[in-house]
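In the numbering used here, the protein residues as written are 89 to 411.
Report on the following structure.
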């Protein structure tokens with residue numbers, strides 16, 4: 089646990105851990121929101137509403153609700169749409185950090201010349217180095233106008249070096265708050281917590297399909313666990329907020345759901361964890377506490393630094409939650 093002092097601590101035991109991925113282990117929310125903004129623009133929908141409605145749910149469920157004529161029974165087409173969408177997330181995530189000021193000024197120039205926001209021309213980016221980590225909570229940092237600017241980039245096989253237009257103006261450190269960084273990051277306390285868990289005692293159960301899940305974990309140096317339930321698992325009939333992903337992950341680990349600890353950040357995921365019968369620890373990484381406090385989680389923490397796990401001689405895991 090971190091050096092910060094907490095007033096209380098709860099101690100309990102469990103047999104295994106079921107992690108959500110994005111917003112819990114990794115932070116790729118900036119790239120996810122950019123991808124949903126692009127999809128909303130493509131479909132003529134309001135980006136903010138699409139982002140709000142899709143968070144924490146399977147891309148397949150979201151796309152069949154949003155894309156006209158796309159139905160769940162269109163299995164192969166749905167799979168292609170999901171693959172295309174999740175690759176777009178990783179494309180945004182691999183875009184170099186750039187200056188919001190440069191991007192917005194470019195947008196103003198395009199607007200003044202009567203260019204359409206949906207123009208296929210590329211948004212000039214300003215790559216920077218030694219970028220401060222300002223995207224711990226990207227959904228609180230970025231406005232819809234920011235993501236709209238980002239989505240004017242073409243999502244193709246073009247490398248990010250080819251996309252970027254270098255601005256040779258020296259970087260001013262005072263502009264740190266104007267930097268957009270969509271890279272995938274590991275969240276505070278995650279690596280230490282995972283390293284404290286014996287192999288075979290934890291799993292990932294995510295609303296992302298395999299392309300996105302493995303892409304995020306690989307980009308943050310998290311070893312993909314042997315049990316990794318993704319949205320495209322053929323055994324899954326329902327995704328979150330139904331408990332099915334966590335029930336399947338617990339079964340694959342060989343533990344009872346009631347003896348599992350679920351880590352989640354999204355409302356739909358928290359509801360799924362609670363419905364599974366597991367002990368649920370909600371992490372305030374993507375939503376403020378007031379948005380998730382009443383969803384039934386047994387504990388609500390700011391980061392995983394508040395969690396300590398010890399492996400007992402009888403094979404059980406002992407959890408200490410400071411709050």
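Where a beta carbon is used, it is the ideal one built from N, C-alpha and C, also for glycine.
| query | Apart from the five residues just before and just after residue 107, which ones in its own chain have a Cβ nearer than 6 Å to its Cβ? | reply | Here residue 107 refers to the residue found at position 19 of the chain shown. Hits under 6 Å: 113, 292, 351.
| What three-state label does DSSP hand residue 160 in the structure shown? | What you label residue 160 is simply residue 72 of the chain shown in a count that begins at 1. Coil at residue 160, not helix or strand.
| Proximity below 7 Å, CB of residue 145 to CB of residue 356 | Here residue 145 refers to the residue found at position 57 when the chain shown is read from its first residue. Here residue 356 refers to the residue found at position 268 when the chain shown is read from its first residue. For residue 145 and residue 356, yes; Cβs fall inside 7 Å.
| field | Close-in-space but distant-in-sequence residues of the same chain around residue 318 (CB under 7 Å, 5 per side omitted) | value | The count along the chain shown starts at 1 and reaches residue 318 at position 230. Around residue 318: 294, 296, 297, 298, 301.
| said: I believe residue 187 touches residue 170 by the beta-carbon criterion, under 8 Å. Please report the beta-carbon distance rounded to the nearest angstrom. | reply: As a working mapping, residue 187 is identified with position 99 in the chain shown. As a working mapping, residue 170 is identified with position 82 in the chain shown. That belief does not hold up - the Cβ atoms of residue 187 and residue 170 are roughly 32 Å apart, past 8 Å.
| According to DSSP, is residue 107 helix, strand or coil? | Looking up residue 107 in the chain shown gives position 19. If DSSP states are grouped into helix, strand and coil, residue 107 belongs with the strands.
| How about residue 389 and residue 368: are their beta carbons less than 7 Å apart? | Indexing the chain shown from 1 puts residue 389 at position 301. Indexing the chain shown from 1 puts residue 368 at position 280. No; because the gap between Cβ atoms is not below 7 Å, this pair is not in contact.
| field | Alpha carbon of residue 117 to alpha carbon of residue 111, nearest angstrom | value | One-based indexing of the chain shown puts residue 117 at position 29. One-based indexing of the chain shown puts residue 111 at position 23. Their Cα atoms are separated by approximately 7 Å.
| request: Under 8 Å by Cβ, that's how I've got residue 360 and residue 345 pegged, so tell me the actual separation to the nearest angstrom. | output: Looking up residue 360 in the chain shown gives position 272. Looking up residue 345 in the chain shown gives position 257. Residue 360 to residue 345, Cβ: 11 Å. No contact.
| request: Consider the Cβ of residue 115: report whether some Cβ of chain C lies at a distance smaller than 7 Å. | output: Annotation note: the requested chain C is absent from the structure, which comprises a single protein chain.
| task | Measure the beta-carbon distance from residue 154 to residue 165 and round it to whole angstroms, keeping in mind my assumption that it falls under 8 Å. | result | Reading the chain shown from its first residue, position 66 is the one you call residue 154. Reading the chain shown from its first residue, position 77 is the one you call residue 165. With a Cβ gap of about 14 Å, residue 154 and residue 165 do not count as contacting.
| How would you write the range of the alpha helix (DSSP H) that residue 62 sits in, first residue to last? | Lying before the first or after the last residue shown, residue 62 is absent from the chain, which here runs from 89 to 411.
| request: Give every residue of the same chain whose Cβ lies closer than 6 Å to the Cβ of residue 362, excluding the five residues on either side of it in the sequence, and list them in chain order. | output: Translated into the one-based positions of the chain shown, residue 362 becomes position 274. So the list reads 368, 384, once near-sequence residues are dropped.
| Do the CB positions of residue 407 and residue 180 come within less than 7 Å of each other? | Here the question's residue 407 lines up with position 319 in the chain shown. Here the question's residue 180 lines up with position 92 in the chain shown. Contact: no.
| query | Does the Cβ-Cβ distance between residue 267 and residue 185 come in under 7 Å? | reply | Walking along the chain shown from the start, residue 267 turns up at place 179. Walking along the chain shown from the start, residue 185 turns up at place 97. Contact: yes.
| message | Rounded to the nearest angstrom, what separates residue 224 and residue 269 at their Cα positions? | response | Locating residue 224 in the chain shown gives position 136, where the first residue counts as 1. Locating residue 269 in the chain shown gives position 181, where the first residue counts as 1. Per-residue confidence for residue 224 stands at a pLDDT of 40, beneath the threshold of 50, marking its modelled position as unreliable; no derived number is given.
| Where the alpha helix (DSSP H) containing residue 330 begins and where it ends | Within the chain shown, residue 330 is the residue found at index 242, counting from 1. Residue 330 -> no alpha helix (DSSP H), and no H or E assigned at all.
| request: May I ask you to report which of helix, strand or coil DSSP gives residue 118? | output: Position 30 of the chain shown, counted from the start, is the residue given in the question as residue 118. Residue 118 falls in the helix class under three-state DSSP.
| request: Report the option in 358, 364, 310 whose CA atom is closest to the CA atom of residue 332. | output: For the purposes of this step, residue 332 is taken as residue 244 along the chain shown, with counting starting at 1. For the residues 358, 364, 310, the minimum Cα distance to residue 332 belongs to 364.
| said: So, at 8 Å on beta carbons, what are the nonlocal neighbours of residue 340 in its own chain, with the 5 sequence-adjacent residues on each side left out? | reply: If you number the chain shown from 1, residue 340 lands on position 252. Once the five neighbours on either side are set aside, the close Cβ partners of residue 340 are 291, 315, 317.
| message | In whole angstroms, give me the CA-to-CA distance for residue 396 and residue 130. | response | By one-based count along the chain shown, residue 396 stands at place 308. By one-based count along the chain shown, residue 130 stands at place 42. Using only the alpha carbons, I get a separation of about 45 Å.
| request: Report yes if the CB atom of residue 102 is closer than 7 Å to the CB atom of residue 400, and no otherwise. | output: Translated into positions along the chain shown, residue 102 becomes position 14. Translated into positions along the chain shown, residue 400 becomes position 312. It is not a contact, given that the beta carbons lie outside the stated cut-off.
| task | Measure the alpha-carbon distance for residue 325 versus residue 335 and round it to whole angstroms. | result | Mapped onto the chain shown, residue 325 falls at position 237. Mapped onto the chain shown, residue 335 falls at position 247. One C-alpha to the other measures close to 12 Å.
| request: Express the C-alpha separation of residue 173 and residue 163 in angstroms, rounding to a whole number. | output: On the chain shown, position 75 is the one that residue 163 refers to. On the chain shown, position 85 is the one that residue 173 refers to. Going from the Cα of residue 163 to the Cα of residue 173 covers about 15 Å.
| DSSP three-state assignment for residue 364, whether helix, strand or coil | Sequence index remark: in the chain shown, residue 364 carries index 276 (1-based). Residue 364 falls in the helix class under three-state DSSP.
| query | Which partner residues of residue 408 appear in the DSSP bridge assignment? | reply | As a first step, residue 408 must be located in the chain shown, where it is residue number 320. Per DSSP, 99, 396.
| query | So, is residue 142 buried or exposed, given that buried needs 16 or more other C-beta atoms within 10 angstroms? | reply | By one-based count along the chain shown, residue 142 stands at place 54. Looking at its Cβ environment, which holds 16 or more other Cβ atoms inside 10 Å, residue 142 is buried.
| task | For the beta strand (DSSP E) containing residue 138, list its first residue and its last residue. | result | Translated into the one-based positions of the chain shown, residue 138 becomes position 50. First-last for residue 138: 135-142, but that is the alpha helix (DSSP H), not the beta strand (DSSP E).
| field | Nearest neighbour of residue 328, chosen from 127, 354, 313, 312 [CA to CA] | value | Here residue 328 is taken as the residue at index 240 of the chain shown, counted from 1. Selected option, being the one with the closest Cα: 354.
| request: Can you give me the Cβ contacts of residue 411 inside the same chain, cut-off strictly under 6 Å, excluding the 5 residues immediately before and after it? | output: Counting from 1 along the chain shown, the entry for residue 411 is found at position 323. So the qualifying residues of the chain are 94, 96.
| said: So, under 8 Å CB-CB, residue 349 and residue 105 are touching, yes? Tell me the CB distance rounded to an integer number of Å. | reply: For this step, residue 349 is matched to residue 261 along the chain shown. For this step, residue 105 is matched to residue 17 along the chain shown. Between residue 105 and residue 349 the Cβ distance is about 5 Å, and since that is below 8 Å, they are a contact.
| message | Just to confirm my understanding: we take residue 312, look at its own chain, exclude 5 residues before and 5 after, and list those with CB closer than 7 Å. What are they? | response | In the chain shown, the residue the question calls residue 312 occupies position 224. Same-chain partners within the cutoff: 302, 305.
| Nearest neighbour of residue 288, chosen from 138, 381, 337 [CA to CA] | By one-based count along the chain shown, residue 288 stands at place 200. Measuring from the Cα of residue 288, the nearest candidate turns out to be 337.
| query | Do you know offhand how far residue 178's Cα is from residue 121's? | reply | As a working mapping, residue 178 is identified with position 90 in the chain shown. As a working mapping, residue 121 is identified with position 33 in the chain shown. Straight-line Cα distance between these residues: approximately 12 Å.
| Residue environment, residue 320, which counts as buried when at least 16 other CB atoms sit within 10 Å | Here residue 320 is taken as the residue at index 232 of the chain shown, counted from 1. Label assigned to residue 320: buried.
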